[in-house]
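In our numbering, the protein residues as written are 121 to 746.
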C-alpha cells in the first residue's frame, strides 16, 4: 500500500513540480537579466572611461603641438612647458589605454594606428624644436607648413572616431538583447501566473483524497515503527551483552596476568616462610636464603602493584621542576650497569632545553624501562641513543592523536638498533601483560607503566618502529613556564647516624599492619605510641604533647588520615605528618599529584625507606602541615 501511495504521490506531484520549475526558470532568467544589465552598465562605464582616456591622449597631443608652435613663433622657452608635460604624460596614458584594450578586439588595430600617428607627431614636434634651437627657424617653419603634423593629428582623430563608433555599436547591441530578454520574461511571467493558478486549483481538489491516503499510510507506518522499536531494543540488548563480554574478557586478561604473577610470588614467599619455620622448629638457623627469597618475591609483588597503579594512572606523583639534561647525565652510571658493557650508549642533549614539571623518579624509571626493553631487543650487541629536544605539537597533530593537547613539550627519545616491531605489535605494546619476550623474561608491564606515568603527567608517548629497522619511543612532557621553587635545607644531612630521640604516633586501623610498623619504628630507635583510629589519635596527642611526628594511614573509617592531620596540626602547629596507604584515593592526591608539601610513603615499604623518610621529614626546618 505504501509503495502504491508513493507512486500516486509522485504522479500527483508532477504538475506542482512543473509549476515550480517554471517559477525557478523565470527567477533564474530574471537573475540573468539583472546580471546582464549590470554587465551593460559596467561595459558602458568602461566605454566612457576608455573614451575619456582617448580624449585625454588627444588633449596631450594638442598641448604638445600648442607648446611647439608658441615656441617657434616667439622663441620663448616658457612656451615649451606644455610640450614637455605632454611628452612626459603620453607614455602613461598609452599604458592605461593598453590595459583596457583586449588583444583580439577590433579596438586593438585602431589603438595601434593612434600609436603610430602619435609617434609621427611627436617626431615632427621634436625635430622642429631641434631645428629652431640650432638657429634654422626657416626650415622649422617650413616643416610645420608641410602638413605632416596635421596629417598625423587627423589620423589620430579618425581612429578615435572609429573607436567611439565601435563602442556605441556594442552598447546598442547589448541594449537590444536586454530588451528581447525582458519581452520574453514578461510573456513567461504571465504564463507562470496562469499555471500557478491552475496548479492551486488542482492542489485543492486533490488535497482531501491525498489526506485520506496519507492517514492510512501513517497508520501503517506507526505499526511498522512499533515493530522496528522492538527490534532495536532486542539488538541493543544483544550489543550490551557483547560489550559486557568484551569488558569481562579484558578484565579476565588483566586479572589473569595479575593472578599468575602474584601466585608465583606468593608461592615463593609461602614456601620460603614454611621452610624457615621448619628449620627454626628443628633448632636450625641457616634461614637467610629463605628470608632473602621471600623479601625478593615481596618486593617484586610490590613493584607489580606499583606498575598496575601507574598503568591505571592512579599512582601518587610528587612532581618537581626537572632539568631533563641534568637528570640524564646523572643516570649514566645506572644505565651502564643496567645495560652491560656490550651495549653502546649515546646521549644527544639539546642546548637550551626547557624545564618540565614531573616526578623525577618516575622519569628515571620510564627511561630505565625503555632502555632495558631496548637492550632485550638488541641482544648482546647494539647501540642505544637517548636524545632530548624542545618540541611543539601543533593543532593538526593534536587533532589526529587522542588525549594530546597542542603546545610546547620536552621530548625524550630512546632509540635502539634492535629487531623493530610489526604494526600489530606496536598496536598492543602499551597493553598490560602484553610481551614478546620468552616466558619468565618479562612481565609485560614496562611499557604500560611508562604509558600510564606519561599520560598521568599530561604528556604523550609515540612509538616509531619497523621490522629490522629498530625502534624509537618518544616521551613528550609538558613544558614548565612558572618560577622554580626554593628547597628548604635540612638540619641532619651532615650527621645521618646521630641517635634518634623523637616520639612518633602511629595511627593504623589494621592491627597487623600497625604492629609491624610499630616494631619497625622501635627497631630504628624511636619511641612509639600506636592507636587504631583518628579519635584515639587526637586523645593520644592531648596526653602526649612531646609527640614529634604523626605517621597515619589515609584510608580509615569515620575520620580519614587527612582530616586527622588537619585537626592535629591545628592543635599542634609544630607537628610533622607522614601519610601512608596502599591506595591513595583523593585524600592527599588530586588528579594523580600529591598535594603541596605533603609527605607520603606508599605501602609496602622497607625499613630503610621508612628510616630515610622519617629523617627527611623530621629534619626539615619548615613548620606546619607536611
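By construction, the Cβ of each residue, glycine as well, lies at the ideal position given by its N, Cα and C atoms.
Please work out which residues of its chain come closer than 8 angstroms, Cβ to Cβ, to residue 662, disregarding the five sequence neighbours upstream and downstream, and give them in chain order. 691, listed in sequence order.
Counting Cβ pairs, one atom from each stretch, are 3 or more of them under 8 angstroms apart for the region 182 to 191 and the region 298 to 316? Using a C-beta cut-off of 8 angstroms, the region 182 to 191 makes no contact with the region 298 to 316, since fewer than three inter-stretch Cβ pairs fall below that distance.
Buried or exposed: which applies to residue 191, given that a residue is buried once 16 or more other Cβ atoms fall within 10 Å of its Cβ? It is buried - the Cβ of residue 191 has at least 16 other Cβ atoms within 10 Å.
Candidates 343, 492, 498 and 355, of which the one nearest residue 457 by Cα: 492
So if DSSP puts residue 650 in a beta bridge, which residue, or which two residues, is it bridged to? 626
If you reduce the DSSP assignment to three classes, tell me which class residue 346 lands in. helix
When DSSP builds the beta bridges, which residues end up paired with residue 584? 592
Would you report the Cα separation of residue 444 and residue 502, rounded to the nearest angstrom? 24 angstroms
Can you tell me which of the three DSSP states residue 452 falls into? Helix.
Of the choices 523, 403, 593 and 138, whose alpha-carbon is the least far from that of residue 315? For residue 315, the nearest C-alpha among the options comes from 138.
By the 10 Å Cβ neighbour count, where 16 or more other Cβ atoms means buried, how is residue 281 classified, buried or exposed? exposed
Could you give the C-beta distance for residue 601 and residue 571, rounded to a whole number, given that I count them as a contact under 8 angstroms? Incorrect: roughly 25 angstroms between the Cβ atoms, too far for contact.
Is the beta carbon of residue 580 closer than 8 angstroms to that of residue 473? no
Count the other C-beta atoms from every protein chain shown that fall within 10 angstroms of the C-beta of residue 331, then say buried if there are 16 or more, exposed otherwise. It is exposed - the Cβ of residue 331 has fewer than 16 other Cβ atoms within 10 Å.
Residue 507 - partner residues in DSSP beta bridges: 468 and 533
Please classify residue 239: is it buried, with 16 or more other beta-carbons within 10 angstroms of its beta-carbon, or exposed? exposed
Can you tell me where the beta strand (DSSP E) with residue 719 in it begins and where it stops? Run containing residue 719: none; DSSP gives neither H nor E here.
Within the chosen definition, does the region 172 to 180 reach the region 196 to 216 through at least 3 CB pairs nearer than 8 angstroms? yes
Locate the alpha helix (DSSP H) running through residue 668, then write down its first and last residues. Careful: residue 668 lies outside any alpha helix (DSSP H), inside the beta strand (DSSP E) at 667 to 673.
What did DSSP end up calling residue 407 once you bin it into helix, strand or coil? It is coil, neither helix nor strand.
Measuring only the C-alpha atoms, how far is residue 645 from residue 668? 14 angstroms
Please classify residue 746: is it buried, with 16 or more other beta-carbons within 10 angstroms of its beta-carbon, or exposed? With a pLDDT of only 40 at residue 746, under 50, the local geometry of the prediction cannot be trusted, and the value read off the model is given with reservation. It counts as buried.
Should residue 396 and residue 415 be called a contact, given that it needs their Cβ atoms to be closer than 8 angstroms? no
For residue 740, report the span of its alpha helix (DSSP H) as first-last. No alpha helix (DSSP H) contains residue 740, which DSSP labels as neither H nor E.
Measuring CA to CA, which of 353, 725, 594 and 693 is closest to residue 666? Minimum Cα distance to residue 666 is reached at 693.
Give the C-beta separation of residue 241 and residue 272 to the nearest angstrom, bearing in mind that I take them to be a contact with Cβ-Cβ under 8 angstroms. 4 angstroms
For residue 621 and residue 628, believed in contact at Cβ under 8 angstroms, the rounded distance: Between residue 621 and residue 628 the Cβ distance is about 23 angstroms, and since that is not below 8 angstroms, they are no contact.
Where does residue 306 fall in DSSP's three states? If DSSP states are grouped into helix, strand and coil, residue 306 belongs with the helices.
Check whether the Cβ atoms of residue 527 and residue 598 lie closer than 8 angstroms to each other. Yes; because the gap between Cβ atoms is below 8 angstroms, this pair is in contact.
So which of 659, 623, 519 and 525 has the shortest CA-CA distance to residue 642? 623
Terminal residues of the continuous beta strand (DSSP E) containing residue 233? Counting along the chain, residue 233 falls outside any beta strand (DSSP E), though it belongs to the alpha helix (DSSP H) covering 226 to 253.
Below 8 angstroms CB to CB, which residues in the same chain sit around residue 235 once its five sequence neighbours on both sides are set aside? 214
The alpha helix (DSSP H) spanning residue 259 covers which residue range? 257 to 265
Go to residue 213, then tell me how far its alpha helix (DSSP H) extends in each direction, as first and last residue. 201 to 219
With respect to the alpha helix (DSSP H) encompassing residue 697, which residues constitute its N-terminal and C-terminal limits? Counting along the chain, residue 697 falls outside any alpha helix (DSSP H), though it belongs to the beta strand (DSSP E) covering 696 to 701.
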